[in-house]
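Residue numbers (full-length UniProt numbering), protein chains in the order written: chain U, 1 to 338; chain S, 1 to 338. First comes the structure, then the notes that go with it.
Protein chains: 2
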Amino acid sequence: MTEDSNRRIVLASRPVSLPALDNFRIERTAIPSLEEGQVLLKIRYLSLDPYMRGRMSAAKSYATPVEIGGVMEGGTVAEVVATKNPDYRIGEIVLSHSGWQTYAAEHGAGLRKLDPDLVPVTTALGVFGMPGFAAYSGLLNIGQPATGETVVVAAASGPVGSVVGQIARIKGARAVGIAGGQRKCEFAKNTFGFDSVIDHTSPDFDARLREACPNGVDVYFENVGGKVWDGVFPLLNKFARIPVCGLISQYNDSGPFDGPDRLPLVMASVLSKSLTVRGFIQRDFADQRPVFYNEMADWLTQGVIKYKEDIVDGLEQAPEAFIGMLQGKNFGKLLVRL
Amino acid sequence: MTEDSNRRIVLASRPVSLPALDNFRIERTAIPSLEEGQVLLKIRYLSLDPYMRGRMSAAKSYATPVEIGGVMEGGTVAEVVATKNPDYRIGEIVLSHSGWQTYAAEHGAGLRKLDPDLVPVTTALGVFGMPGFAAYSGLLNIGQPATGETVVVAAASGPVGSVVGQIARIKGARAVGIAGGQRKCEFAKNTFGFDSVIDHTSPDFDARLREACPNGVDVYFENVGGKVWDGVFPLLNKFARIPVCGLISQYNDSGPFDGPDRLPLVMASVLSKSLTVRGFIQRDFADQRPVFYNEMADWLTQGVIKYKEDIVDGLEQAPEAFIGMLQGKNFGKLLVRL
């Protein structure tokens, strides 16, 4: 099972806009030795998520950046292969935040044991983990969709958007998705049950979106920004809610941004329509995680909520897969199998 | 008491930017005759408020615009001078929404009787009326200031800003005001009890504001926009709340607005700081008015909350006073005494 060294991917340099392969470097180091209370983890799956782009920049966001030469951060599903912690046995599968590497020594406190008999363990990095909980907590706490209302979300075939759409429908709302390309649109509609899915690469995107929302938009779950925001914003109804979960379209830009300045008209609409624009990260709602795990486990085991994974093989593939994800090339929750 | 005709100010033409005197026209018409259930009101005080600028434009905001040739809209305090409604006696003082004119026939349903022995009746147009309730409802429902937090509000000597600051202090928060000119700043500090008041005409406004908020800003009650927003925005703390009540600095602009585009960086902060930006009008919280009237009556009669009025005499002065208010020339709640 074990190899004789740890492989890891570190941040070699900070990207200016879209990251390139040479912003990453693969290293080989000794497998860490264990202190009392630690377990040795062999990483089985690494999660790749848009927020990691923020960690590559020096600017402090809601979390501190990865240092140059530091291991890239990330959620992981791992197997216990050695233990100096009586609470963990060899062979157990845990969720950890061990980053882009093949081995890690971790204290028990930061780990969550996974039950492979309940749902596939990879879901702990997607629908049954951080992205799923971001969708759940943002939609229910901020979006608060009511029966008959219209909920719009982009990246509708991705791990956050797909869960937003499915929970919106569970709550009796109409779910309108946005995705890039016909294949993703059809999949989101057929598999995730969106009432309508619009292709943002279509030249008449704005008009199609307007047609798909004949009663306006009550909840816009924001995870992309850019032209999707521009298309949705005029459709917002009085009292619409906008949970702001991500802005992937602008993560590679640092500004200044070309005019015209959109802020005055946005603020005028915030005022005249009594809009709520509220940013969040899933940690803001940490006390709701137990409820989420219960409810989502039921939805998953009953087949009420579906998910799609996009798995690439080999740690060395992570940088390219990550760069592709920032360009919308993934199709479903992006994971690296080690 | 009564004259032989009604004088009224109508919208002669729509302003493009700052209204000019020729956008208004004064007319003389017959005093309206009463239908069953109506009262004849002689207007004593007319309220002039920033929202009226919106009503002069053709664009639909949260309310329909005044039509060309229509009487300018506005809140009024009036005396019943004739009555065909058994619920109203001659001599009673009421709050009505009769607009910029000297007489009006109104059904009883839209009126609120005022008690001149409780508080001065002019306060029904200010601290004890719409502006006061806008401050109260927006600050408490959206701003939710906690003990020790910092609340920032502009137009600190005006009817909304002064109430925001005083309620913030009642709730144990630190109140930082912004006003135009040394006279208003000193008044806001000495009379309304702001912990600090910054002059936005000062060349080092941003630096002074930063000094006045050593622990950052937890609530920014937005009623002006423009450069005040720009100064406050970088100071916002994680989880800060921004009730959006008004944007007087941009009411005379219709766009497009020159770049750079501020929206991407604003949205990035909304996300990274988990900010809440929420627009409202006081009507959104209409069910809380009874509580407000009780609480504010206590605060006023006990002298806990103070107010300042800026009264001009004569209906014909209304247009010039209104135009001046949009430029910050008023000093306190602007009223026209008829």
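Beta carbons are placed, not taken as given, at the ideal position from N, Cα and C, and that holds for glycine.
In chain order, what residues of the same chain have a beta carbon less than 7 Å from the beta carbon of ASN215(U), not counting five sequence neighbours either side?
As a working mapping, residue 215(U) is identified with position 215 in the first sequence. Result list for ASN215(U): THR150, in chain order.
I'd like to know whether the C-beta atoms of GLY279(S) and VAL244(S) end up nearer to each other than 7 Å.
For this step, residue 279(S) is matched to residue 279 along the second sequence. For this step, residue 244(S) is matched to residue 244 along the second sequence. For GLY279(S) and VAL244(S), yes; Cβs fall inside 7 Å.
Do you know offhand how far ALA135(U)'s Cα is from LEU46(S)'s?
By 1-based counting over the first sequence, the position of residue 135(U) is 135. By 1-based counting over the second sequence, the position of residue 46(S) is 46. If you take the alpha carbons of ALA135(U) and LEU46(S), they lie about 49 Å apart.
Of all the residues that make up the stretch 205 to 232 of chain U, which are near chain S by a beta-carbon distance shorter than 7 Å?
Cβ contacts with chain S: GLY225.
Of all the residues that make up the stretch 133 to 147 of chain S, which are near chain U by a beta-carbon distance shorter than 9 Å?
Cβ contacts with chain U: ILE142.
Using the DSSP secondary-structure output, state which residues sit across from ILE43(S) in a beta bridge.
Working through the second sequence from its first residue, we reach residue 43(S) at position 43. Its beta-bridge partners are ALA78(S).
What do you reckon, are the CB atoms on PHE264(U) and GLN327(S) nearer than 7 Å?
Position 264 of the first sequence holds residue 264(U). Position 327 of the second sequence holds residue 327(S). At residue 264(U) the sequence reads Pro, which differs from the Phe that was named. It is not a contact, given that the beta carbons lie outside the stated cut-off.
For chain S, is any of its Cβ atoms less than 7 Å away from the one on MET1(U)?
Walking along the first sequence from the start, residue 1(U) turns up at place 1. Caution applies to MET1(U), whose pLDDT of 46 falls short of 50 and renders its modelled position unreliable; the value that the coordinates give is listed next. By this cut-off, MET1(U) is not an interface position.
For PHE285(U) and ALA20(S), what's the separation of their Cα atoms in angstroms?
If you number the first sequence from 1, residue 285(U) lands on position 285. If you number the second sequence from 1, residue 20(S) lands on position 20. Taking the straight line joining both Cα atoms gives about 51 Å.
Give me the chain S residues within the contact set of ARG262(U), using Cβ-Cβ distance strictly less than 7 Å, ordered along the chain.
By 1-based counting over the first sequence, the position of residue 262(U) is 262. Ordered by position in chain S, the residues that pass the 7 Å Cβ test against ARG262(U) are ASP261, LEU263.
Along chain S, in chain order, which residues have C-beta atoms closer than 8 Å to that of VAL152(U)?
On the first sequence, residue 152(U) is found 152 positions in, with the first residue counted as 1. Per Cβ cutoff of 8 Å: no residues; VAL152(U) is ~16 Å from chain S at best.
At the 7 Å Cβ level, is SER17(S) part of the contact set with chain U, yes or no?
Here residue 17(S) corresponds to residue number 17 of the second sequence, with the count starting at 1. Answer no: the Cβ-Cβ gap between SER17(S) and chain U never drops below 7 Å.
Got a sec: is the Cβ-Cβ distance from GLN250(S) to anything in chain U below 7 Å?
Position 250 of the second sequence, counted from the first residue, corresponds to residue 250(S). Chain U, which has a Cβ nearer than 7 Å to the Cβ of GLN250(S), makes this yes.
Do ALA318(U) and VAL228(U) have their CB atoms nearer than 7 Å?
Along the first sequence, one-based indexing puts residue 318(U) at 318. Along the first sequence, one-based indexing puts residue 228(U) at 228. Contact: no.
Nearest to GLN166(U) by alpha carbon, out of PHE221(U), GLY193(U), SER5(U)?
For the purposes of this step, residue 166(U) is taken as residue 166 along the first sequence, with counting starting at 1. Cα-wise, what sits closest to GLN166(U) is GLY193(U).
Looking at GLY143(U): is its Cβ nearer than 7 Å to the Cβ of PHE257(U)?
Translated into the one-based positions of the first sequence, residue 143(U) becomes position 143. Translated into the one-based positions of the first sequence, residue 257(U) becomes position 257. Cβ atoms of GLY143(U) and PHE257(U): not closer than 7 Å.
Quick one: what does DSSP say THR102(U) is sitting in, helix, strand or coil?
In the first sequence, residue 102(U) corresponds to position 102, counting from 1. THR102(U): coil per DSSP, three-state reduction.
Can you give me the C-alpha to C-alpha distance between MET1(U) and GLU79(U), rounded to a whole angstrom?
Within the first sequence, numbered from 1, the residue matching residue 1(U) stands at position 1. Within the first sequence, numbered from 1, the residue matching residue 79(U) stands at position 79. Note on MET1(U): pLDDT 46, under 50, position unreliable in the model; the coordinate value appears next. Between MET1(U) and GLU79(U), the C-alpha separation is close to 10 Å.
Anything in the stretch 289 to 313 of chain U with a Cβ closer than 7 Å to a Cβ of chain S? List those residues in chain order, please.
Per Cβ criterion, the list is empty.
Can you tell me whether DSSP reads TYR51(S) as helix, strand or coil?
By one-based count along the second sequence, residue 51(S) stands at place 51. Of the three classes helix, strand and coil, the one that applies to TYR51(S) here is helix, per DSSP.
At the 7 Å Cβ level, is ARG278(S) part of the contact set with chain U, yes or no?
Mapped onto the second sequence, residue 278(S) falls at position 278. At least one chain U Cβ lies under 7 Å of ARG278(S).
Kindly list, in the order they appear in chain U, the residues whose Cβ is closer than 7 Å to that of ILE281(S).
Walking along the second sequence from the start, residue 281(S) turns up at place 281. Within chain U, the residues near ILE281(S) are SER274.
Could you tell me the distance, in whole angstroms, from the CA atom of LEU140(S) to the CA atom of LYS333(S)?
Here residue 140(S) is taken as the residue at index 140 of the second sequence, counted from 1. Here residue 333(S) is taken as the residue at index 333 of the second sequence, counted from 1. Their Cα atoms are separated by approximately 21 Å.
So, using beta-carbon positions, are ASP195(S) and ARG174(S) closer together than 7 Å?
The sequence position of residue 195(S) within the second sequence is 195, counting from 1. The sequence position of residue 174(S) within the second sequence is 174, counting from 1. Yes, these two residues count as a Cβ contact at 7 Å.
Can you name, in chain order, every residue of its own chain whose Cβ lies under 6 Å from the Cβ of GLU73(U), other than the five neighbours on each side?
One-based indexing of the first sequence puts residue 73(U) at position 73. Once the five neighbours on either side are set aside, the close Cβ partners of GLU73(U) are ARG55, VAL66, GLY99.
Can you confirm whether GLY255(S), when its beta carbon is compared against all beta carbons of chain U, has any partner nearer than 7 Å?
Locating residue 255(S) in the second sequence gives position 255, counting from the first residue. So yes, GLY255(S) belongs to the interface.
Checking contacts by CB at 7 Å: is LEU235(U) closer than that to chain S?
Taking the first sequence and counting its residues from 1, the one referred to as residue 235(U) is at position 235. LEU235(U) does not count as touching chain S.
Using only the alpha-carbon positions, how far apart do GLY132(S) and GLY324(S) sit?
Residue 132(S) sits at position 132 when you count from the first residue of the second sequence. Residue 324(S) sits at position 324 when you count from the first residue of the second sequence. Distance between the alpha carbons of GLY132(S) and GLY324(S): 21 Å.
THR123(U) to GLY138(S), Cα distance in whole Å?
Numbered from 1 along the first sequence, position 123 holds the residue referred to as residue 123(U). Numbered from 1 along the second sequence, position 138 holds the residue referred to as residue 138(S). So the two alpha carbons sit approximately 41 Å from each other.
Return helix, strand or coil for ARG210(U), following the three-state DSSP convention.
As a working mapping, residue 210(U) is identified with position 210 in the first sequence. Reduced to three states, the DSSP call for ARG210(U) is helix.
Looking at the C-beta of VAL160(S), does it have a partner C-beta in chain U at a distance below 7 Å?
Here the question's residue 160(S) lines up with position 160 in the second sequence. It does not: the Cβ of VAL160(S) has no partner Cβ on chain U nearer than 7 Å.
Does the stretch 100 to 109 of chain S come close enough to the stretch 284 to 301 of chain S that 3 or more CB-CB pairs lie under 8 Å?
The stretch 284 to 301 of chain S vs the stretch 100 to 109 of chain S: no contact.
Note down, in chain order, every chain S residue with its Cβ under 7 Å from the Cβ of VAL266(U).
For this step, residue 266(U) is matched to residue 266 along the first sequence. Going along chain S in sequence order, the residues near VAL266(U) (Cβ under 7 Å) are LEU263.
Let me confirm a value: ILE9(U) is counted as buried when at least 16 other C-beta atoms fall within 10 Å, else exposed. Which label applies?
Looking up residue 9(U) in the first sequence gives position 9. Answer is buried; the Cβ neighbour count reaches 16.
Is the shortest distance between the beta-carbon of ILE9(S) and the beta-carbons of chain U less than 7 Å?
Along the second sequence, read from residue 1 onward, the residue named residue 9(S) stands at position 9. So no, ILE9(S) is outside the interface.
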